[in-house]
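Only one structure is covered here, and it is reproduced in the block below.
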Amino acid sequence: MSVGIDIGRSGVKIVSGEKRLPIFPAVACLARPIDEPEEAVRAVAQTCEFGGRKWFWGETAEIHGQAQPGNDPGFEMTDGYAVILQAAIGQARLAGMALGRVALGVPSEAGAIVRESVAQRISAILPGTAARVVAQPAGVLATVAAQRPEVLQQTVAIIDVGRYSTDVAISVRGRPVAGSLFSLPGVRGAVDVLTGALRQRLPGTISFETIEVALRESFVVHRMQRVNVAKEARQAREHLTAIVDQAVARIQTLQPDVEALILAGGGVDLLDSGILPPHMRAPGGRYAVADGLSRIAARL
Ligand SMILES: Nc1ncnc2c1ncn2[C@@H]1O[C@H](COP(=O)(O)OP(=O)(O)OP(=O)(O)O)[C@@H](O)[C@H]1O
Ligand SMILES: [Mg+2]
Numbered sequence: 135m136s137v138g139i140d141i142g143r144s145g146v147k148i149v150s151g152e153k154r155l156p157i158f159p160a161v162a163c164l165a166r167p168i169d170e171p172e173e174a175v176r177a178v179a180q181t182c183e184f185g186g187r188k189w190f191w192g193e194t195a196e197i198h199g200q201a202q203p204g205n206d207p208g209f210e211m212t213d214g215y216a217v218i219l220q221a222a223i224g225q226a227r228l229a230g231m232a233l234g235r236v237a238l239g240v241p242s243e244a245g246a247i248v249r250e251s252v253a254q255r256i257s258a259i260l261p262g263t264a265a266r267v268v269a270q271p272a273g274v275l276a277t278v279a280a281q282r283p284e285v286l287q288q289t290v291a292i293i294d295v296g297r298y299s300t301d302v303a304i305s306v307r308g309r310p311v312a313g314s315l316f317s318l319p320g321v322r323g324a325v326d327v328l329t330g331a332l333r334q335r336l337p338g339t340i341s342f343e344t345i346e347v348a349l350r351e352s353f354v355v356h357r358m359q360r361v362n363v364a365k366e367a368r369q370a371r372e373h374l375t376a377i378v379d380q381a382v383a384r385i386q387t388l389q390p391d392v393e394a395l396i397l398a399g400g401g402v403d404l405l406d407s408g409i410l411p412p413h414m415r416a417p418g419g420r421y422a423v424a425d426g427l428s429r430i431a432a433r434l
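When you read off a place in the sequence shown, starting at 1, and then add 134, the result is the number in my numbering.
Structure follows, in structure tokens:
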């Protein structure tokens with residue numbers, strides 16, 4: 135058996151065949167003392183050691199470290215990423231997943247240096263494991279191809295709308311076209327727009343997560359009051375649709391003969407799909423990349 139690990143900016147998805155682990159937040163921070171005994175025990179389950187220091191990861195990092203999701207480029211090269219990767223492998227092992235073959239995804243824009251660094255980190259944690267690092271849209275394609283093998287004979291474009299990036303790839307007969315991998319901002323682009331739009335109305339700092347929820351729900355809790363932000367949220371969602379539209383335009387310039395458009399990622403629900411060209415949605419929701427990575431790993 136083999137494992138696919140998709141470390142996204144919002145959450146880590148781990149899949150082995152049919153088995154999917156619960157998504158945990160992709161955050162890590164240095165551990166801190168916890169006095170409350172029951173909570174201290176709970177935190178141990180999400181503590182690991184890296185670089186000679188103890189780190190919290192997942193919900194524990196979110197709660198006790200008030201860790202915010204990484205918004206910076208180069209996430210894959212940080213200590214936090216190394217901790218999250220170690221935690222993900224630990225969770226897979228704990229769930230009894232066989233780790234002989236592992237595939238991991240990185241954003242489309244990540245170059246050879248990033249991929250090599252991620253591959254080395256896997257080898258350091260799992261010596262002897264066959265590991266492969268691919269662009270995240272490759273995972274989406276593998277997922278779709280399992281249901282519709284004809285996509286591997288066609289020219290298709292994949293757009294994965296994640297929290298950090300909207301990752302794009304064009305595939306001709308199952309092969310990624312050189313120069314076709316690019317990334318645009320993901321949901322965070324819309325979060326930035328909504329944050330800006332609310333600055334006047336709701337002074338003070340509102341967290342990334344709060345704004346992200348508001349994008350979807352059109353409400354925000356500000357100074358303990360529930361405020362309707364439907365108009366601003368709609369405009370911010372339109373901004374995300376415009377980013378995807380921009381991706382579509384670029385795809386058409388790069389490869390005018392694209393036959394099918396595949397959308398994936400947790401950000402897809404926020405789009406006004408009426409504005410976009412005809413498309414199909416990858417099965418598996420937020421697990422679409424990890425499902426495909428698990429299939430890619432199985433072939434190693
Ligand atoms: N339960 C949830 N928790 C967090 N985000 C959610 C949830 N449900 C939907 N979302 C939305 O899905 C988006 C994240 O989608 P996804 O899981 O595809 O991103 P990611 O893979 O973590 O990010 P990236 O691929 O950019 O690194 C969030 O930005 C959020 O708007
Ligand atoms: Mg993703």
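Quick reminder that beta carbons are idealized off the backbone N, C-alpha and C, glycines included.
Nearest by alpha-carbon distance to G273: which of L434, V311, R371 and A424 is it? Ranking the options by Cα distance to G273, first place goes to A424.
Under a three-way DSSP split, which group does E183 fall into? Judged by DSSP in its simplified three-state form, E183 adopts strand.
How is H356 classed by DSSP in three states: helix, strand or coil? Strand.
Measuring only the C-alpha atoms, how far is V460 from D406? A query on residue 460 cannot be resolved here, the shown segment of the chain reaching from 135 to 434 and no further.
Taking DSSP as the reference, what is the three-state secondary structure of V178? Annotated three-state conformation of V178 is helix, per DSSP.
Can you check which of these residues, H373, A276 and R166, is closest to I396 by C-alpha distance? Of the candidates H373, A276 and R166, A276 places its Cα closest to the Cα of I396.
Give me the residue from H356, F316 and P319 with the minimum Cα distance to Q334. Nearest of H356, F316 and P319 to Q334, Cα basis: H356.
According to the Cβ coordinates, are E256 and L228 closer than 8 angstroms? With the sequence shown as reference, residue 256 is identified as Ile, and Glu is not the correct amino acid for it. With respect to L228, I256 sits apart: the two C-beta atoms are not nearer than 8 angstroms.
Verify the CB distance criterion: does D169 have a CB-CB separation below 8 angstroms to chain B? Any reference to chain B falls outside this structure, which holds one protein chain only.
Who are R309's beta bridge partners in DSSP? In the DSSP assignment, R309 forms a beta bridge with V306.
Uninterrupted beta strand (DSSP E) stretches inside the stretch 314-339 (no shorter than 3 residues): Whole beta strand (DSSP E) segments, 3+ residues: 316-319.
Using CA atoms only, rank isn't needed, just tell me which of V175, V146 and W189 is closest to R166. The residue with the shortest Cα to Cα distance from R166 is W189.
Quick one: residues with CB closer than 5 angstroms to any heavy atom of ligand 2, in chain order, please. Answer in sequence order: G142 and G296.
Taking Cβ positions, are C182 and Q220 nearer each other than 8 angstroms? Their beta carbons are under 8 angstroms apart, which means C182 touches Q220 by this criterion.
Look at the alpha carbon of Q389 and the alpha carbon of Q369, and state the distance between them as a whole number of angstroms. Answer to the nearest angstrom: the Cα atoms are 30 angstroms apart.
Considering only their Cβ atoms, is the gap separating A162 from V240 smaller than 8 angstroms? In this structure, A162 does not lie closer than 8 angstroms to V240 by Cβ.
How would you label P261, buried or exposed, when you count the other beta carbons within 10 angstroms and need 16 or more for buried? Answer is exposed; the Cβ neighbour count stays below 16.
Where K365 and H373 are concerned, what is the direct C-alpha to C-alpha distance, given to the nearest angstrom? Counting only the Cα atoms, H373 lies some 13 angstroms from K365.
Threshold first: 4 residues or longer. Then list the alpha helix (DSSP H) segments lying entirely within the stretch 191-232, N to C. Complete alpha helix (DSSP H) runs here, min 4: 192-198 and 213-228.
How about L434 and S136: do their beta carbons lie closer than 8 angstroms? A contact, by the Cβ cut-off of 8 angstroms.
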